[in-house]
Every structure is written in C-alpha cells, then in structure tokens.
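Engineer: Note that the numbering used here has the sequence shown beginning at 1, numbered continuously upward.
Where is the CB? At the ideal position from N, CA and C, for every residue including glycine.
Model, not experiment: these values are computed from the prediction.
Take a look at the following structure, please.
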Amino acid sequence: MKSRAGRRAIGIPTPLLEALKQHKATQEKERETAAQLWEEGGWVFTQPNGRPIDPRADHDAWKALLKEAHVRDARLHDARHTAATMLLVLGVPTRAVMEVMGWSQMAMTTRYQHLAPEITAGIAEQVAGLLWNRTN
Numbered sequence: 001m002k003s004r005a006g007r008r009a010i011g012i013p014t015p016l017l018e019a020l021k022q023h024k025a026t027q028e029k030e031r032e033t034a035a036q037l038w039e040e041g042g043w044v045f046t047q048p049n050g051r052p053i054d055p056r057a058d059h060d061a062w063k064a065l066l067k068e069a070h071v072r073d074a075r076l077h078d079a080r081h082t083a084a085t086m087l088l089v090l091g092v093p094t095r096a097v098m099e100v101m102g103w104s105q106m107a108m109t110t111r112y113q114h115l116a117p118e119i120t121a122g123i124a125e126q127v128a129g130l131l132w133n134r135t136n
C-alpha cells in the first residue's frame with residue numbers, strides 16, 4: 001500500500017496529458033478487442049489483455065529506449081535522479097521538488113539531486129557578474 005506521500009496531486013505537462021489521453025483511447029480499443037479475455041485490474045499501462053506489464057518486458061523496453069536515445073545505460077530507478085536534477089536545473093524551489101518527488105525529508109534532495117554542469121556554469125557566471133561587473 002502506498003504511503004500518503006505516494007498518493008499526491010502533481011501537475012502534468014500538457015503534451016504528456018495529451019499522450020496519456022491517447023494511450024487511454026488505445027487501451028479502450030484493446031479492451032474491446034480482448035473482450036472476455038480482458039483482465040480488469042485498474043492498471044494504466046497493460047498488456048493487450050489487461051494484465052500488468054511483465055517486469056522483464058518493461059526492463060527490456062527501458063534498455064532499448066536508452067540505446068535508441070544514445071544515452072548511457074541506467075536503471076529505471078535512475079530516472080528519478082534525473083527528474084530531481086532537472087527540477088533543480090529549472091530552479092524549482094526545494095520544497096516544491098520534495099512535494100513532487102514525494103520526499104518527506106530534506107536529506108533526500110542531496111541523495112537524488114545531482115549538481116548538473118548547467119548549474120555550475122550558471123554559478124560561475126553569477127560570480128563573474130558580481131566580481132567583474134563592468135558597469136563603469
């Protein structure tokens with residue numbers, strides 16, 4: 001069973017919301033095609049018969065996606081680190097990141113958020129602007 005933090009409202013980007021609506025419509029067609037073979041479980045992502053996606057197939061699809069995108073090999077769970085780091089790069093306040101990620105303790109930010117090159121470059125530019133401001 002999910003904790004309170006596991007069940008929370010989050011904002012969904014409009015393009016993702018549209019993709020989810022399209023997925024739901026496709027799944028409804030699969031439900032009709034499967035007819036009595038459909039196994040209702042309330043899953044958002046299923047096999048064509050309504051059963052949950054096989055973990056091995058999901059793993060294989062994740063690895064294929066990484067390869068196709070030409071990014072380094074990673075565990076699916078590593079995507080949480082990437083998401084948290086992206087929120088940091090976007091300048092999202094820590095409290096908001098904690099809410100979106102479902103963290104109850106501030107320590108999780110240091111575990112999941114990694115200092116991206118964009119952040120260190122931005123810091124360097126801020127220091128340059130402070131120390132070498134040429135407004136004279």
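Would you tell me roughly how many angstroms separate the C-alpha atoms of Glu28 and Ala64, rounded to the nearest one?
Structural biologist: The count along the sequence shown starts at 1 and reaches residue 28 at position 28. The count along the sequence shown starts at 1 and reaches residue 64 at position 64. C-alpha separation (whole angstroms): 26 angstroms.
Engineer: Determine the contact status of Pro15 and Glu30, defining contact as a CB-CB distance below 8 angstroms.
Structural biologist: Your numbering for residue 15 matches position 15 in the sequence shown. Your numbering for residue 30 matches position 30 in the sequence shown. For Pro15 and Glu30, no; Cβs fall outside 8 angstroms.
Engineer: In whole angstroms, what is the alpha-carbon distance linking Thr110 and Pro117?
Structural biologist: On the sequence shown, residue 110 is found 110 positions in, with the first residue counted as 1. On the sequence shown, residue 117 is found 117 positions in, with the first residue counted as 1. Near 16 angstroms, if we compare the C-alpha coordinates of Pro117 and Thr110.
Engineer: In terms of residue numbering, what span does the alpha helix (DSSP H) encompassing His81 cover?
Structural biologist: For the purposes of this step, residue 81 is taken as the residue at position 81 of the sequence shown. Counting along the chain, the alpha helix (DSSP H) containing His81 begins and ends at 78–89.
Engineer: Whose C-beta lies closer than 7 angstroms to the C-beta of Ala121 among residues of the same chain, with five residues either side of it excluded?
Structural biologist: Position 121 of the sequence shown, counting from 1, holds the residue named residue 121. Closer than 7 angstroms at Cβ, skipping near neighbours: no residue.
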